[in-house]
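Its first residue numbered 140, the sequence shown is counted upward by one per residue in our numbering. For glycine and all other residues, C-beta sits at the position ideal for the given N, C-alpha and C. Only one structure is covered here, and it is reproduced in the block below.
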Amino acid sequence: SMAPSLKLFYFNMTGRAEPIRLALTIGGVEFEDVRLTKDEFMAKKTDGSLPLGSLPVLEVDGKTVCQSYAIQNYCTRRAVSQGRLRWHEGRRGFVLHRGPWAAGLCYVF
Numbered sequence: 140s141m142a143p144s145l146k147l148f149y150f151n152m153t154g155r156a157e158p159i160r161l162a163l164t165i166g167g168v169e170f171e172d173v174r175l176t177k178d179e180f181m182a183k184k185t186d187g188s189l190p191l192g193s194l195p196v197l198e199v200d201g202k203t204v205c206q207s208y209a210i211q212n213y214c215t216r217r218a219v220s221q222g223r224l225r226w227h228e229g230r231r232g233f234v235l236h237r238g239p240w241a242a243g244l245c246y247v248f
């Protein structure tokens, strides 16, 4: 089966999308990184294509996933399933953690 098409929408900054970008990039998962201007964001917000009126949003085969932690969870699982984030035996998986000042990958035992 073909892998789903992923399209990540966020502003041209790190913020809440950066842990998602990291997981996908490190995991070797192909995705389109769409960086919106303020005007493009307002247009999407007005036309109803942002379910909660906020970013980030991930399109998976045309279906919209919102909320950064839900997106991070999905993308991390995709990356782990492709075998690229399994750096050590005995690790069950990885989760993304975003604190107020930094983003990073954390081990889950």
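For E171, which of helix, strand or coil comes out of DSSP? For the purposes of this step, residue 171 is identified with residue 32 of the sequence shown, where counting begins at 1. Note: E171 maps to strand in three-state DSSP.
For L194, does the three-state DSSP call read helix, strand or coil? Taking the sequence shown and counting its residues from 1, one reaches residue 194 at position 55. Three-state DSSP puts L194 in coil, outside helix and strand.
Measuring only the C-alpha atoms, how far is H227 from L197? By one-based count along the sequence shown, residue 227 stands at place 88. By one-based count along the sequence shown, residue 197 stands at place 58. With a pLDDT of 42 at H227, under the threshold of 50, the modelled position of this residue cannot be trusted; read the value that follows with caution. Rounded to whole angstroms, H227 to L197 spans 29 Å at the Cα level.
Please state the DSSP three-state secondary structure of L189. Residue 189 sits at position 50 when you count from the first residue of the sequence shown. For L189, the secondary structure class from DSSP, reduced to helix, strand or coil, is coil.
Can you check whether the CB of K183 is closer than 8 Å to the CB of L191? Within the sequence shown, numbered from 1, the residue matching residue 191 stands at position 52. Within the sequence shown, numbered from 1, the residue matching residue 183 stands at position 44. For L191 and K183, no; Cβs fall outside 8 Å.
May I ask you to list the residues that DSSP assigns as paired with K184? For the purposes of this step, residue 184 is taken as the residue at position 45 of the sequence shown. Bridge partners of K184: none, in fact.
Considering only C-alpha positions, which residue in the set T153, I159, L163 is nearest to Q221? Counting from one through the sequence shown, the residue named residue 221 turns up at place 82. Comparing Cα positions, the closest option is L163.
Cβ of L147 within 7 Å of any heavy atom in the ligand FAD? No copy of the ligand FAD occurs in the structure displayed, which carries no ligand at all.
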